[in-house]
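Student:
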Amino acid sequence: MITPIKLAPWLATFGLFAVWELVCRLFSVPEFILPAPSAAIAALIEYWPAIWQNAFYTFWVTMVGFALAVVFGLALGLVTGASALVYSAIYPLLVGFNSIPKVAIVPVLVVWFGIGTIPAILTAFTISFFPIVVNVATGLATLEPEIRDVMRSLGARKIDILLKVGVPRSMPYFFASLKVAITLAFVGTVISETVAGNGGMGHLMLTASSSFRVPLVFAGLLVIAAMGVGMYAIFALVERRFVGWAFRGGDTG
Amino acid sequence: MTAFVELDQVTMTYGGAGSDTTPAVADASLTINRGEFVAMVGPSGCGKSSLLKIVSGLMPADEGITRVAGEAVIRPLTMVGMAFQNATLLPWRTTLENVLLPLEVSRTHRATFRRKKAEHIEAARSLLKTVGLEGYEDHAPYELSGGMQQRASLCRALIHAPDLLLLDEPFAALDAFTREELWGVLQDLWMQRKFTVILVTHDLREAVYLADRVYVVSKRPGRIVYERPVPLARPRTLESTFDQGFVDLVHKLRDHIGEVRAS
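Written out as structure tokens, the structure reads:
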């Protein structure tokens, strides 16, 4: 059944585009400043082969960086959350590292690995692992003392407490962080491609804007946004599938 | 009757001896026999819960000797069942799986858990049936009411047949009707299985209904200021809570709590 809740995101998106189109037409905004969505979509169709190729490249680079972030973030999050000592030791380092704008790291990565795919993967990775670490560590560190007491008074081993209680308990936090991390990973890839790339959406948009083909830039932005929304939706589904219990009796519970 | 739990002049301060804070427990001495049901009552924050932690070995005392089953408690005991005000069921497990948890992790059972799983499931089902949760085995905890969750929590505390059951205000968060119903459930379980119970509560009627003996604990630092046997016949019923003997005992305890709070 179509409910207002299900309809709302489509209406809001359509509304935004309509207002945007209307403003561009009413005030005759020049195309090289703000192209109307219709112009961006026209560019999308016109340059589809190039866009498709670069979008696919950006997509898989992002996925590789994101996969690294998931593995590394989960591992580091578990270690940090399970040990108060590790937590206090590396938390300041993590926060400090996360405060560095990733655009500042790209030139260093280029010096190390050359222009191209590897800096983009690593930028996507460095920008997206932090929320995963923080969330997983929080999930573990906020274990109820009562359940810990129950486990300890049974003579449970630390590893049992971690595997039977800690890890399952931190999974809702983990899956929530994936939704944030995947969108950040796209940001990382595109930053690297823009600053030092020879392919991908960032590179495409940089080339387009330097020749004042602004509708193509906007077509690129729309494609990146669409990929982000798509992946977010997929991870939202994954989340429901795996930690449905955390959504107390929701419609999929 | 042999002494099962013994506390001798036990003092405990959070942060260890020499810390500036008031001790949570001071000079506590008590003896609990095997199979006895003991209740501790006192004003909130008086250190009753700390006493449970000392007995279970989860928190070491700074001074004095704690013995359980004749042995000094120097590390967490491993044959204890515990239940708290919050049912603390694991939300990703079904009711049955929650009850089975102690058998999966406890030192005595974890090695044989897989081999004896069918047997354990049978035991868990029959225990859930005893507390009136038949048919809810495969329900998730959030699908149960607060009272049902607390019943499941009791089952989890008892599934591994512990010698000692420690209850920290287990019924405090429930409505009055459910609470009184669960008194009966707990009394039945105890009469069948005869484990030793220490119940911490601030409900005097609950203490008198359930316990063989009631200790009154003073406000912080927690000292045991009064001890009162409850010689009423079992099984006690809700009707019996209106008997003169019952009411007199509750009044007597109330007077002592009043003194403790005023002091």
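As they're listed, the protein sequences go chains A and B.
Using the working numbering, the first residue of the first sequence is number 1, and each one after it goes up by one.
Using the working numbering, the first residue of the second sequence is number 254, and each one after it goes up by one.
Virtual Cβ for every residue (Gly too), placed ideally from N, Cα, C.
Computed from a prediction, not measured in an experiment: that's the story for all the values here.
Helix, strand or coil for residue 252 (chain A) per DSSP?
Tutor: With a pLDDT of 38 at residue 252 (chain A), under the threshold of 50, the modelled position of that residue is not reliable, and the figure given next carries that caveat. Coil at residue 252 (chain A), not helix or strand.
Student: Comparing the C-beta of residue 401 (chain B) with each C-beta of chain A, is any distance below 8 angstroms?
Tutor: no
Student: Straight-line CA distance for residue 68 (chain A) to residue 346 (chain B)?
Tutor: 30 angstroms
Student: Determine the closest residue to residue 470 (chain B) out of B:463, B:424, B:478, with distance taken between C-alpha atoms.
Tutor: B:478
Student: According to DSSP, which residues form a beta bridge with residue 324 (chain B)?
Tutor: According to DSSP, residue 324 (chain B) bridges with B:321.
Student: Please confirm if the stretch 329 to 340 of chain B is in contact with the stretch 279 to 287 of chain B, defined as three or more CB-CB distances below 8 angstroms between the two stretches.
Tutor: no
Student: Quick one: what does DSSP say residue 115 (chain A) is sitting in, helix, strand or coil?
Tutor: coil
Student: Rounded to whole angstroms, what's the CA-CA distance from residue 252 (chain A) to residue 72 (chain A)? Just pull it up for me.
Tutor: Note that residue 252 (chain A) has pLDDT 38, beneath the 50 cutoff, so the model's placement of it is unreliable and the number below is only indicative. If you take the alpha carbons of residue 252 (chain A) and residue 72 (chain A), they lie about 30 angstroms apart.
Student: Listed in chain order, which residues of the stretch 155 to 185 of chain A have Cβ atoms closer than 7 angstroms to some Cβ of chain B?
Tutor: Of all residues in the stretch 155 to 185 of chain A, 155, 156, 160, 164, 165, 168 have a Cβ within less than 7 angstroms of some Cβ in chain B.
Student: Which residues bound the alpha helix (DSSP H) around residue 282 (chain B)?
Tutor: Residue 282 (chain B) -> not in any alpha helix (DSSP H); beta strand (DSSP E) instead, spanning 278 to 286.
Student: On the three-state DSSP scale, how would you describe residue 454 (chain B)?
Tutor: strand
Student: By Cβ distance, which residues of its chain are closer than 7 angstroms to residue 206 (chain A), with the 5 residues on each side in sequence left out?
Tutor: Once the five neighbours on either side are set aside, the close Cβ partners of residue 206 (chain A) are 194.
Student: Rounded to a whole number of angstroms, what is the C-alpha to C-alpha distance between residue 460 (chain B) and residue 295 (chain B)?
Tutor: 11 angstroms
Student: If you reduce the DSSP assignment to three classes, tell me which class residue 482 (chain B) lands in.
Tutor: strand
Student: Do you know offhand how far residue 214 (chain A)'s Cα is from residue 41 (chain A)'s?
Tutor: 12 angstroms
Student: On the three-pair Cβ rule with 8 angstroms, is the stretch 132 to 145 of chain A touching the stretch 162 to 170 of chain A?
Tutor: yes
Student: Looking at the ligand FAD, does it come within less than 7 angstroms of residue 372 (chain B), judged from the CB to the closest heavy atom?
Tutor: By its list of ligands, the structure shown contains no ligand whatsoever, and the ligand FAD lies outside what it can speak to.
Student: Counting beta carbon pairs with one atom in the stretch 218 to 225 of chain A and one in the stretch 34 to 51 of chain A, are three or more of them shorter than 8 angstroms?
Tutor: yes
Student: Within this structure, are the beta carbons of residue 451 (chain B) and residue 427 (chain B) separated by less than 8 angstroms?
Tutor: Result no, Cβ atoms of residue 451 (chain B) and residue 427 (chain B) do not sit closer than 8 angstroms.
Student: Using a Cβ cut-off of 8 angstroms, which residues of the stretch 354 to 373 of chain B contact any Cβ in chain A, in chain order?
Tutor: Listed by position, the residues of the stretch 354 to 373 of chain B near chain A (Cβ gap below 8 angstroms) are 354, 355, 357, 358, 359, 360, 361, 363.
Student: Quick check on residue 171 (chain A): does DSSP put it in helix, strand or coil?
Tutor: In the structure shown, residue 171 (chain A) sits in a helix (DSSP, three-state: H, G or I).
Student: List the residues of chain A that residue 311 (chain B) touches, going by C-beta distances under 8 angstroms, in chain order.
Tutor: Correct list: 149, 152, 153.
Student: Can you give me the start and stop residues for the beta strand (DSSP E) that residue 334 (chain B) sits inside?
Tutor: 333 to 337
Student: Taking residue 152 (chain A) as the reference, give the member of B:360, B:398, B:406 with the closest Cα.
Tutor: B:360
Student: For a test of the three-state rule: what should DSSP assign to residue 290 (chain B), helix, strand or coil?
Tutor: strand
Student: How about residue 355 (chain B) and residue 154 (chain A): do their beta carbons lie closer than 8 angstroms?
Tutor: Against a cut-off of 8 angstroms, the Cβ pair of residue 154 (chain A) and residue 355 (chain B) comes out as a contact.
Student: According to DSSP, what are the bridge partners of residue 256 (chain B)?
Tutor: B:286
Student: Between residue 342 (chain B) and residue 405 (chain B), how many whole angstroms is the CB-CB distance? I'm expecting something under 8 angstroms.
Tutor: Contact flag correct, Cβ pair sits at about 6 angstroms.
Student: Under a three-way DSSP split, which group does residue 29 (chain A) fall into?
Tutor: coil
Student: Could you tell me how far apart the beta carbons of residue 377 (chain B) and residue 411 (chain B) are, in whole angstroms, since I believe they sit closer than 8 angstroms?
Tutor: So it is not a contact: roughly 10 angstroms between Cβ atoms.
Student: How about residue 343 (chain B): is its C-beta nearer than 8 angstroms to some C-beta of chain A?
Tutor: Answer yes: the Cβ-Cβ gap between residue 343 (chain B) and chain A drops below 8 angstroms somewhere.
Student: If you drop the 5 nearest sequence neighbours on each side, which residues of the same chain put their C-beta closer than 6 angstroms to that of residue 509 (chain B)?
Tutor: 469, 479
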